[in-house]
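Chemist:
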Amino acid sequence: MTRRARLGRAGPDARLPSPSRRNPDPVPPVPEPGPVRTCVGCRATGSRQALLRVVLDAGTGDPVLVVDEHRRMPGRGAWLHPDQRCLELAVKRRALGRALRYAGPLGTDTVARAVTRHAAQEVQPQHSTTVPDSTPVPTVDREAGWKPMAPR
Ligand SMILES: [Zn+2]
-18 MTRRARLGRA GPDARLPSPS RRNPDPVPPV PEPGPVRTCV GCRATGSRQA LLRVVLDAGT
42 GDPVLVVDEH RRMPGRGAWL HPDQRCLELA VKRRALGRAL RYAGPLGTDT VARAVTRHAA
102 QEVQPQHSTT VPDSTPVPTV DREAGWKPMA PR
């Protein structure tokens, strides 16, 4: 198993996406397949832009989880979708601590807040999502073929 363990060793801006590299073809901008990260929650992969980077900030005593908003903080990072479910999954299996090589208790408040914030940003209130409250429940047709005491 080869893990891509290159965590920001190559300088902060080593891999800036360069969209226009003498590419005359009007090819739609395909997200670079290269830098893909795995969400520690749902284990699905996503681009760096799609995931939050969570790092351990041990600068002021007890290590705390902080969200690396600019994805350029040094050290180990855990990647997580800005999704509540992914955070829950990550918390449930202690994936954040494991990814960050930290066994102690970790408060996820900061991360939860960031997730909520990002999730709120993602959701653009363009069209009011009207969830049909009265979903047609598939009624089991009991009457059909069920004749009580059918006289012969
Ligand atoms: Zn996820």
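My numbering numbers the first residue of the sequence shown as -18 and each following residue consecutively. Backbone N, C-alpha and C define an ideal beta-carbon position, used for all residues, glycine too. It should be emphasised that the depicted structure is a prediction, and the values quoted were computed from it without experimental measurement.
Please classify residue 8 as buried or exposed, where buried requires at least 16 other C-beta atoms within 10 Å of its C-beta.
Modeler: Taking the first residue of the sequence shown as 1, we reach residue 8 at position 27. Exposed is the call here.
Chemist: Beta-carbon separation of residue 63 and residue 96 under 7 Å?
Modeler: Looking up residue 63 in the sequence shown gives position 82. Looking up residue 96 in the sequence shown gives position 115. It is a contact, given that the beta carbons lie within the stated cut-off.
Chemist: To which residues of the same chain is residue 130 closer than 6 Å at the C-beta, ignoring the five residues directly before and after it?
Modeler: On the sequence shown, residue 130 is found 149 positions in, with the first residue counted as 1. There are no such residues.
Chemist: Please write down, chain order preserved, every residue whose beta carbon lies under 6 Å from a heavy atom of ligand 1.
Modeler: 20, 22, 23, 25, 62, 64, 67
Chemist: Pairing CB atoms from the segment 16 to 24 with CB atoms from the segment 37 to 51, are three or more of them under 8 Å?
Modeler: Touching, no.
Chemist: Quick one: what does DSSP say residue 20 is sitting in, helix, strand or coil?
Modeler: Start at 1 with the first residue of the sequence shown, and residue 20 comes out as number 39. In this structure, residue 20 counts as strand in the three-state DSSP scheme.
Chemist: Around the Cβ of residue 78, are there at least 16 other Cβ atoms within 10 angstroms (buried) or fewer (exposed)?
Modeler: Mapped onto the sequence shown, residue 78 falls at position 97. Buried: at least 16 other Cβ atoms inside 10 Å.
Chemist: Taking Cβ positions only, does residue 48 come closer than 7 Å to chain C?
Modeler: Of the protein chains in this structure there is only one, and it is not chain C.
Chemist: Taking the alpha carbon of residue 84 as the point to measure from, which residue in 26, 94, 43 has its own alpha carbon closest?
Modeler: Reading the sequence shown from its first residue, position 103 is the one you call residue 84. With distances taken between Cα atoms, residue 84 lies closest to 43.
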